[in-house]
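Asker:
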């Protein structure tokens, strides 16, 4: 187990005894088997206040989690794709209002003629929300999955509702990036050269990377309930059969990363788009991207579990590719005490990050042992509240 504070809790406004509750909650989740392991980092004003690593990288092999363990991001990696897209908007190569078909002409049919970049980023495009019933070779290929999407009708009209796209939309986004700025590169190469390398994210990749696989934590479910949106065996196959297949590129979640790298990415966002002298986005773009563009629309992806859990619908609160805390109360994934401006993203049953601009906080979490997604919402919200309740100055 590794638990470190690299700055004075009191100096950064934290009550040490209250902050210890975060570690206790994570350790209890590991000891009870609710999850298998966790790597979590919290910093304020760029100084690390909590650095926690405990549990198993692979519980069945009795392999302990290490500080440099590599995780599959699931949807927590979606913002990697989004930030690259937004950087191309800043360069004038992509436009939020223009139809996708301006860049991908073959996309403009079967009702998709007016779908634009804004719709894709806010999950209001009407494009297929669920994981497609397609061959793994299609799902793991940006080109093939985009072709698949081009030949699909919409689930609903653009702008009509939030229809969260688990897989498809981000391959279309990647294709747009490649067509305007790919210059013969794969999307994985484009990300490495234009995002990961400049930020010093040395242990992050889209799809498998040979030098990282010995440190990779296998994706295994630790909780199974009848109302699981993505059953454990389905998630395990999605990770190992598709995301980690040789040559795979699934920009909706097929990234691998470490807690160091994920937190570097979060810190770049907290700092207004810059880290260690490297600027990826402007503060103006981040302000634009972290507004609520979905109003009071609910996120339809949660509809199947609302009645099972006895939950009322809540607004989706989605910006340009980021999820937002917004106003009011909801089961998660942000804490009840986070400011309304808090933004970030989260991945199926396992991971997430957020930035709270009002408190100058960044939070990153990667876990092994996937739990059902509604419980994941509650788990991440609880951890966020424990962090926020320890902040007293």
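In the numbering used here, the protein residues as written are 1 to 393. In this text, a Cβ means the ideal position worked out from N, Cα and C, and glycines have one as well.
Just tell me which of 309, 268, 381 has its CA closest to the CA of residue 357.
Answerer: Of the listed residues, the one whose Cα sits closest to residue 357 is 268.
Asker: Quick one: grab the DSSP three-state call for residue 354.
Answerer: Note: residue 354 maps to strand in three-state DSSP.
Asker: Whole alpha helix (DSSP H) runs in the segment 26-112 with 4 or more residues, listed along the chain?
Answerer: The segment 26-112 contains these whole alpha helix (DSSP H) runs: 78-90.
Asker: Between which two residues does the alpha helix (DSSP H) carrying residue 344 extend?
Answerer: Where residue 344 is concerned, there is no enclosing alpha helix (DSSP H), although the beta strand (DSSP E) it sits in stretches over 343-347.
Asker: Within the continuous beta strand (DSSP E) that includes residue 363, where are the two ends?
Answerer: Here the beta strand (DSSP E) through residue 363 covers 361-368.
Asker: What residue does the alpha helix (DSSP H) around residue 305 start on, and which one ends it?
Answerer: Per DSSP, residue 305 belongs to the alpha helix (DSSP H) from 303-309.
Asker: Taking C-alpha atoms, which residue in 153, 68, 176 lies nearest to residue 416?
Answerer: The requested residue 416 does not occur in the structure, where the chain is confined to residues 1 to 393.
Asker: Where DSSP assigns a beta bridge to residue 138, which residues make up the other side?
Answerer: Paired residue(s): none; residue 138 is not in a bridge.
Asker: Can you tell me where the alpha helix (DSSP H) holding residue 175 begins and where it ends?
Answerer: Residues 168-181.
Asker: How many Å lie between residue 33 and residue 255 at the Cα?
Answerer: Using only the alpha carbons, I get a separation of about 25 Å.
Asker: What did DSSP end up calling residue 278 once you bin it into helix, strand or coil?
Answerer: Three-state result, residue 278: strand.
Asker: Helix, strand or coil: which one does DSSP assign to residue 257?
Answerer: Residue 257 falls in the strand class under three-state DSSP.
Asker: Expressed to the nearest angstrom, what Euclidean distance is found between the alpha-carbon atoms of residue 296 and residue 150?
Answerer: Their Cα atoms are separated by approximately 29 Å.
Asker: Taking all protein chains shown into account, do 16 or more other C-beta atoms lie within 10 angstroms of the C-beta of residue 307, making it buried, or fewer, making it exposed?
Answerer: With fewer than 16 Cβ atoms within 10 Å of its Cβ, residue 307 is classed as exposed.
Asker: Return the residue from the list 88, 13, 50 that minimises the CA-CA distance to residue 383.
Answerer: That would be 50, whose Cα lies nearest to the Cα of residue 383.
Asker: Is it the case that the segment 326-342 contacts the segment 180-189, given that we only count it when at least three CB pairs across the two stretches are under 8 Å?
Answerer: They do not touch, by the three-pair rule.
Asker: Which residues share a DSSP beta bridge with residue 162?
Answerer: In the DSSP output, where bridge partners are listed per residue, residue 162 has 299.
Asker: From the beta carbon of residue 219, is the nearest beta carbon of chain B less than 8 Å away?
Answerer: In summary, chain B is missing from the structure at hand, where a single protein chain is found.
Asker: What do you reckon, are the CB atoms on residue 157 and residue 110 nearer than 8 Å?
Answerer: Against a cut-off of 8 Å, the Cβ pair of residue 110 and residue 157 comes out as no contact.
Asker: Let's test the definition: count the other Cβ atoms within 10 Å of the Cβ of residue 276 and tell me whether it reaches 16, buried, or not, exposed.
Answerer: Answer is exposed; the Cβ neighbour count stays below 16.
Asker: Look at residue 206 and residue 187 and say whether their C-beta atoms are less than 8 Å apart.
Answerer: The answer is yes: Cβ separation under 8 Å.
Asker: At which residues does the alpha helix (DSSP H) containing residue 187 begin and terminate?
Answerer: Counting along the chain, the alpha helix (DSSP H) containing residue 187 begins and ends at 187-191.
Asker: Looking at C-beta atoms only, is the number of pairs between the segment 52-60 and the segment 278-286 that lie closer than 8 Å three or more?
Answerer: Verdict: no, contact absent.
Asker: For residue 21, does the three-state DSSP call read helix, strand or coil?
Answerer: Residue 21: helix per DSSP, three-state reduction.
Asker: Taking contact to mean 3 or more Cβ pairs, one atom from each stretch, closer than 8 Å, check whether the segment 299-314 and the segment 352-366 are in contact.
Answerer: Because the criterion of three Cβ pairs below 8 Å is not met, the segment 299-314 and the segment 352-366 do not touch.
Asker: Have a look at 29, 108, 123, 388 and flag the residue whose alpha-carbon is nearest the alpha-carbon of residue 318.
Answerer: Cα-wise, what sits closest to residue 318 is 123.
Asker: Taking the continuous alpha helix (DSSP H) assigned at residue 374, which residues delimit it?
Answerer: Start and end: 373-390.
Asker: Check for me: the alpha helix (DSSP H) holding residue 119 runs from which residue to which?
Answerer: First-last of the alpha helix (DSSP H) with residue 119: 117-121.
Asker: Opposite residue 324 in the DSSP bridges: which residues?
Answerer: DSSP output for residue 324 lists 343 as bridge partner(s).
Asker: Going by C-alpha distance, which of 170, 299, 48, 304 is nearest residue 228?
Answerer: Of 170, 299, 48, 304, the residue nearest in Cα terms is 304.
Asker: Within its chain, find whatever has a CB closer than 7 Å to the CB of residue 170; leave out the 5 residues flanking it on each side and keep chain order.
Answerer: Excluding residues within five positions, the ones whose Cβ falls inside 7 Å are 78, 81, 251, 252.
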